[in-house]
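What follows is one structure encoded as structure tokens, with my remarks underneath.
Protein chains: 2
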Amino acid sequence: MATISPASQLFTLVNVFTVAPGHQKELCDHLTEVTEELIRHMPGFVSAAFHLSHDGEHVVNYAQWRSQADFRAMHADPRLREHFDYCRSVSRPKPIFCDVAYVYDAEPDGE
Amino acid sequence: MATISPASQLFTLVNVFTVAPGHQKELCDHLTEVTEELIRHMPGFVSAAFHLSHDGEHVVNYAQWRSQADFRAMHADPRLREHFDYCRSVSRPKPIFCDVAYVYDAEPDGE
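Residue numbers (the working numbering), protein chains in the order written: chain V, 224 to 334; chain C, 224 to 334.
Given below as structure tokens:
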């Protein structure tokens, strides 16, 4: 489970992958494997949540890191070069670095 | 606070707004106002989380609804027509309807 809150002050990456036809599930499985084996053990990793779009055209990763520096260190790790090459071969990633501004939820104690 | 989990089986909307220069904060404030006043009181609303991209070019809404039907009912509500017109006047929304496939987090009890 991942949680979204402005109070956590995490570095958030929303990465929208536009996938080549028929590659959505394959890319999502690949992302989960690499996260399971490598990324989640890296310093500053907080969470990653992989989503499948209903139209089959996108995979969305909602990821959280302790800091942008931790994210950059992961991204520069040579063990992940092949992983990023694969992602680019089956999709067009659009990474959006952002901060949480506001969260509303339906539970009164969560506001 | 919002939570992301495949077990919740919610309808998830990731809406990436590409904003006209200088309109990022204004759009985000508008979205929070409409959510505060109207949307969060609608049937099936679970959460909305608004994000500001570091490059100033995007607002990302990570929203959860009980079902797609609840989301559609909100979207068709005539009280929100002016709101959607405003959003389109200052941004290009890209709504992605999706399901959560996998979530990893750094806390062992959250896996």
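For every residue, glycine included, the Cβ atom is placed at its ideal position computed from N, Cα and C. All figures in this text were calculated on a predicted structure; none of them were measured in a lab.
Note down, in chain order, each residue of its chain lying with its Cβ closer than 7 Å to the Cβ of residue i, except the 5 sequence neighbours on either side.
i               : result
H258 of chain C : The sequence shown places Thr at residue 258 of chain C, rather than the His named in the question. Closer than 7 Å at the Cβ level, and outside the excluded window around T258 of chain C, lie A271.
Could you compute how far the alpha carbon of residue i sits from the alpha carbon of residue j?
i               : j               : result
F240 of chain V : R302 of chain C : 33 Å
A230 of chain C : Y327 of chain C : 13 Å
L254 of chain V : H298 of chain V : 14 Å
D312 of chain C : E260 of chain V : According to the sequence as given, residue 312 of chain C is Ser; it is not Asp. Distance between the alpha carbons of S312 of chain C and E260 of chain V is about 44 Å.
I227 of chain V : F273 of chain C : 10 Å
K248 of chain V : L275 of chain V : 8 Å
C251 of chain V : R263 of chain C : 31 Å
V323 of chain V : Q287 of chain V : 11 Å
E346 of chain C : E305 of chain V : Absent from the structure is residue 346 of chain C, since the part of chain C shown begins at 224 and ends at 334.
D308 of chain C : D278 of chain C : 24 Å
A329 of chain V : Q232 of chain C : 16 Å
R289 of chain C : R289 of chain V : 30 Å
E256 of chain C : E256 of chain V : 40 Å
If you drop the 5 nearest sequence neighbours on each side, which residues of the same chain put their C-beta closer than 8 Å to that of residue i?
i               : result
Q291 of chain C : F234, F320
M265 of chain C : D293, A296, M297, D300
S314 of chain V : F240, T241, V242, A243, H246, L250, V282
Could you check whether residue j and residue i sit closer than 8 Å to each other, using their CB atoms as the reference points?
i               : j               : result
H281 of chain V : V242 of chain V : yes
Y325 of chain C : Y285 of chain V : no
C310 of chain C : P318 of chain C : no
Based on the DSSP output, what are the partners of residue i in its beta bridges?
i               : result
V237 of chain C : C:Y285, C:I319
D328 of chain V : C:S270
L275 of chain C : V:D322, C:V282
V242 of chain C : C:S314
I227 of chain V : C:A225
According to the neighbour-count rule (16 or more other Cβ atoms, all chains shown, within 10 Å of its Cβ), is residue i buried or exposed?
i               : result
F268 of chain V : buried
Tell me which same chain residues have a C-beta within less than 6 Å of the C-beta of residue i, skipping the five on either side of it?
i               : result
A225 of chain V : S270, A272
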